[in-house]
Structure formats: structure tokens, C-alpha cells
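Remarks on the structure that follows.
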Amino acid sequence: PMRKTSAWPLSQICVALIVYASLYPFDHWRDQDLAPWSFLTAPWPKYWLGFDVVSNVLGYAPLGFFLTLSAMRMGWRTRVVTLATLAAAALSLAMEGLQSYLPARVPSLPDFLLNTLGAWLGAGLASSLEHLGLLRRWSQFRERWFVRDAYMALVLMAIWPAALLFPVAVPLGLGQVWERVEDALTSAFEATPFEDWIPLRAFELEPLLPGAELLCVMLGLLVPCLLGFGVIRQAGQRFLYVLAVLGMALGVSALSATLSYGPVHAWTWLDLPVMLGMIFGCVVALLFLPLSARTAWTFLLLAVLVQQSVLNQSPESAYFAQTLQTWEQGRFIRFNGLVQWLGWLWPYAVLVLALVRLSRERSTQN
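In my numbering, the protein residues as written are 1 to 366.
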């Protein structure tokens with residue numbers, strides 16, 4: 001049953017993101033000669049930040065929701081809220097205990113209690129929706145709209161808006177990581193026998209021209225559309241999905257700009273190349289409405305490869321790098337821990353899924 005519901009992989013993604021957000025930045029581990037659970041009896045902090053309270057509750061609410069939904073999809077009907085809350089509380093207890101070994105993190109009993117509260121609220125929401133019959137309606141909606149083995153595509157479709165929250169140099173340009181990977185490898189192997197093994201670029205990265213930026217934005221909108229077309233049954237349903245993708249791209253990108261630069265600059269990213277890229281992306285997506293799922297997967301593979309090839313040949317500007325530093329070292333450190341890896345890795349997960357689907361369809365035909 002776990003393999004037939006999107007809730008189970010989503011719950012595992014929540015666990016992975018919580019572990020990352022809780023233990024970031026993963027360095028300077030030290031033993032303070034204290035028991036990992038000593039925070040349970042430590043004095044409560046004197047100062048509270050509203051951002052910390054909200055992030056601790058909301059950070060665990062999705063985990064409680066998806067754990068409860070997974071259990072109900074497996075046929076469990078009793079004590080699912082309690083079991084999901086206890087599982088999330090155990091994870092929070094472990095994370096708070098491990099934070100005692102990290103100088104950049106401070107474990108506390110309020111954090112643990114807020115995490116548990118968030119998990120309980122999420123689990124209670126899932127149980128309430130089930131009792132109200134709303135989850136049954138979702139199951140019926142899913143059967144009408146999507147093919148049977150769509151659960152991994154649905155997971156990636158659900159993750160895409162969260163991935164857009166991470167600041168990007170080019171709107172909708174997820175996956176621009178090769179410059180960072182190159183710098184990290186150079187630093188890691190410097191002054192080692194493997195230093196000469198690292199290939200060096202013979203040219204400097206140049207900023208994208210307006211036409212290349214337009215292409216990246218167009219493909220950035222087209223990729224989630226084609227991902228949905230690979231599992232959505234009918235052309236009319238695909239059309240509504242394109243409208244939802246466009247609305248999500250505009251709304252979440254504006255929210256990301258607001259968090260990064262302030263409300264005044266919420267729409268400054270929407271310049272002429274970006275607007276044209278979104279328009280062309282919608283037009284191309286509409287051309288794919290009547291085509292087969294196999295065609296959608298094929299062009300999805302091509303679109304991801306082209307976008308990443310163009311996008312990763314451009315550098316990050318100094319101003320943009322400063323923005324990322326604010327996210328990674330400032331007040332958004334925990335929030336960033338939940339989304340930066342999504343923004344980096346989402347296109348490559350889509351690439352892997354497209355390859356798997358195409359190879360599976362090819363083996364079926366043979």
C-alpha cells in the first residue's frame with residue numbers, strides 16, 4: 001500500500017528535510033559533556049521570536065499530516081493521530097538532542113513541544129478530512145484525473161512550488177548548481193593528490209543574454225506542465241493544470257522576491273524577457289495538450305536537459321550571491337534548510353523520473 005500513495009514518499013521527504021533543517025550546517029561538532037536529553041530540564045529561553053514559533057509548528061505539521069494519511073491508506077483506522085504524533089515527537093527529540101553537539105544550534109524544550117504540537121495539528125487535520133469524506137473525494141478526483149502509477153509525479157508536482165521559494169538568479173531557473181559544485185570540489189581537493197584531476201573551465205561564465213533568459217523561463221514553466229501531462233488523462237484537465245502552474249509560478253516567485261528583497265520588490269523580477277518566457281511557455285504547453293503521455297515524457301526529458309545546459313553556463317551575480325548569503329546565514333536559515341535542496345535538485349529528480357518512465361514504457365512495448 002505504501003507504493004500506491006503519494007503520502008508515504010512525501011512523509012519521507014518531510015523527514016529528510018527536517019533532519020537537514022535541524023542539523024544545518026553540519027560542522028564543528030563537539031561534546032559538551034552533557035546528556036543529549038538535558039535540554040528537557042533546562043530553563044526556558046527568556047526571549048521568543050515569532051518566526052521561531054511559527055517555523056517550529058509549521059515545520060512538523062506536514063510530517064504529521066502525511067504520516068497519518070499514509071497510515072490510513074494502509075488500512076489503519078484507530079489511534080493513527082496518536083501514533084503519527086509520537087513518531088514525529090521521537091524525531092524531534094532526536095534532532096534536539098543532536099543539536100546539543102552543534103555550536104550553531106540551541107536545543108530547547110519549547111522547540112520540542114512546538115514541533116510535537118505541529119505534528120499533532122497536522123495529524124488531526126488529516127484525520128478530520130478523512131472523517132469529513134474530503135480525502136475520499138480527493139481519491140475520486142485522483143482516479144478521474146491521473147493514471148494509476150502517478151504517485152511519484154504527484155510528489156514532484158507538489159514539491160515544485162516549495163522549490164520556487166529558494167531565490168534563483170533566473171525566474172523559474174531551478175537547478176543552477178554547477179558553479180557551486182565546481183567551487184566545492186576545488187576547495188575540497190586543494191593541496192591533495194587529486195587536485196589535478198578536477199577539470200578546469202577554459203572560459204569565464206557570461207551572464208545570460210535576454211534571449212537565453214527568455215528560453216530558461218519558458219522551459220522553467222514548460223517542465224512542470226509536461227510533468228503533469230505525463231500523468232493527467234484528458235486535454236481539458238491538462239488545460240486547467242496549465243493555468244494552475246502559471247498562477248503558482250507567478251504567486252510563489254513573488255513571495256520569494258518578497259522574502260528576499262522586501263515587499264516593495266515583489267514584482268521587480270517580472271521584466272520583459274520573463275513575461276515573454278512565461279507567455280511562450282504557456283503557448284508551447286497548450287500545443288502539447290492533445291499529445292500522448294509518452295510524447296510528454298520525451299519532450300520533458302529534452303526540456304530539462306536544454307534548460308540546465310543553458311542555465312548552468314551563466315554565473316551568479318554578486319548581488320544575488322549576497323541575497324543567498326542572507327538566506328543561508330541569516331534569519332531564514334531554518335526556512336532555507338527546507339527549500340534550498342529542493343531548488344537545487346528538483347530538475348534532476350524530474351530528469352530521473354522521465355528516464356524511468358520512458359524506459360518502463362519501452363520495456364512494456366517490447
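Glycine is no exception: its CB is placed at the ideal position from the N, C-alpha and C atoms.
These numbers come from a predicted model, not from an experiment.
- Taking 8 Å as the cut-off, the beta carbon of G133 is found no closer than this to the beta carbon of V217.
- Per DSSP, the continuous alpha helix (DSSP H) segment holding M157 begins and ends at 151-164.
- In this structure, L174 is the residue among F65, L174, L125 with its C-alpha nearest to the C-alpha of W341.
- F146 is bridged by DSSP to I232.
- In this structure L63 is not in contact with A71, their Cβ atoms being roughly 12 Å apart against a cut-off of 8 Å.
- Collapsing the DSSP output to three states places W341 in a helix.
- A check of alpha carbon separations from W138 across L154, L355, A123 identifies L154 as the nearest.
- Separation of G262 and S256 (C-alpha to C-alpha, rounded to the nearest whole angstrom) is 9 Å.
- A169 is the residue among A169, V147, L243, T295 whose C-alpha sits nearest the C-alpha of N312.
- Closest in C-alpha terms to S11, from the list V223, L114, F65, T258, comes F65.
- Contact annotation: the region 155-163 does not touch the region 94-105, with fewer than three C-beta pairs closer than 8 Å.
- When rounded, the separation of the alpha-carbon atoms in L156 and A126 is 20 Å.
- According to the DSSP assignment, R294 belongs to the alpha helix (DSSP H) that extends over 293-311.
- Here V310 has A212, L215, C216 as same chain residues with Cβ atoms under 7 Å from its own Cβ, once five neighbours each way along the sequence are excluded.
- Going by DSSP, M275 is part of the alpha helix (DSSP H) stretching over 272-287.
- In this chain, the alpha helix (DSSP H) harbouring D111 covers 109-131.
- Take the alpha-carbon of G124 and the one of P290: they are about 41 Å apart.
- Between V252 and L221, the gap from beta carbon to beta carbon reaches 8 Å or more.
- DSSP, read as helix, strand or coil, puts E361 in helix.
- Burial of P107 is indicated by the presence of at least 16 other C-beta atoms within 10 angstroms of its C-beta.
- R233 and F146 do touch by the CB rule: their CB atoms are close to 7 Å apart, below 8 Å.
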